[in-house]
Amino acid sequence: MEVIEDGTAVTAVGTAPAVDGRRTRWAEHRRRRREELVTAALRAITAKGAGVGMDEVAAVAGTSKTVLYRHFADKEDLYLAVAERVNARILREFAQAVDRAPTARDGLAAVIDAYVRLVEADPEVYRFVVSHPFLERPLSTDPVQRISGTIAAETARTITAHLRVGGARGASADVLAHAIIAMIRTAADRWISSTDRVPADTLVSDLTQLAWGGLQAVLTPEEVQ
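All residue numbers for the sequence shown refer to this note's numbering, where the first residue is 18 and numbers rise by one.
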């Protein structure tokens with residue numbers, strides 16, 4: 018079989034080109050380095066607050082702002098990378114919480130608890146994600162809205178599944194779940210900004226009762242058992 022030497026890989030005619038090992042290793046190195054810088058950005062946000070600057074992120078990362086811009090196109094790119102990391106954590110926490118819930122009400126309480134705990138655990142990171150401090154122009158796709166939508170969809174799926182197990186139609190669950198998630202987010206925003214806030218347990222309990230009471234008011238009794 019004829020072989021062609023291209024300087025970086027030897028490729029047999031009629032077969033797929035050989036993978037350039039150096040290029041693959043470099044791509045993996047860049048991916049790992051980018052992840053490390055996102056982790057450093059999260060540490061900087063926690064330490065310096067939601068208004069952290071690129072110079073402070075670079076200092077925590079032990080590098081320069083120039084190096085940051087080698088791995089992120091601009092401030093927006095870094096913001097989106099941080100938001101995606103936080104979003105992935107939220108979804109993971111929600112999935113684990115919901116999986117442990119035996120009833121629809123327990124599932125709702127688990128979602129509320131997971132959200133409030135994440136806000137409480139690192140309020141500066143939460144403020145950073147929801148306030149967009151790095152952005153100098155409107156986002157074409159807002160990761161906060163996207164994650165809210167994803168959480169609402171997952172909450173709706175969970176509630177609907179529990180309702181259907183009991184023989185109910187659950188037709189309103191999707192719309193109601195989006196309304197509930199909007200309520201939870203607004204309440205968490207207000208709560209974390211308060212100087213005299215109630216304990217997290219109290220907030221979770223109150224929000225669960227408020228949300229579940231609302232469901233009981235608009236769905237038929239057999240749908241919310």
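The C-beta atom is built at its ideal place from N, Cα and C for all residues, glycine as well. From a predicted model like this one, the values you see are computed outputs, not experimental measurements.
When we look at the beta-carbon of residue i and count the other beta-carbons within 10 Å, is it buried (16 or more) or exposed?
i    : result
G38  : exposed
A112 : exposed
L85  : buried
H46  : exposed
V215 : exposed
T25  : Confidence is the limiting factor: at T25 the pLDDT is only 46, short of 50, which leaves the residue's position unreliable, though a coordinate-based value still follows. Answer is exposed; the Cβ neighbour count stays below 16.
V77  : buried
V192 : exposed
A64  : exposed
R207 : exposed
A121 : buried
A44  : exposed
A58  : buried
A138 : exposed
A205 : buried
Among the options, which one has its Cα closest to the Cα of residue i?
i    : options                   : result
T219 : R48, R134 and D139        : R134
V55  : V142, L108, V147 and I197 : V142
V128 : R202, G230 and V192       : R202
A126 : D94, M71, Q226 and K92    : Q226
A194 : A58, A228 and R207        : A228
P140 : G66, S81 and A90          : G66
I197 : F145, S210 and G124       : G124
R51  : G68, G70, V74 and T63     : V74
A131 : A114, A121, F145 and R122 : A114
G70  : R49, H88, Y96 and E53     : Y96
E53  : E137, V99, A204 and W43   : V99
G79  : R60, E93 and A90          : R60
V147 : R174, S210 and R87        : S210
Please classify residue i: does DSSP put it in a helix, a strand, or coil?
i    : result
P119 : coil
P140 : helix
D72  : helix
S210 : helix
V215 : coil
A64  : helix
For residue i and chain B, any beta-carbon pair shorter than 8 Å?
i    : result
A234 : Absent here is chain B; the protein component of the structure consists of one chain.
Restricting to runs no shorter than 4 residues, where is the alpha helix (DSSP H) found entirely within the region 80-108?
DSSP runs (the alpha helix (DSSP H)) wholly in the region 80-108: 82-88.
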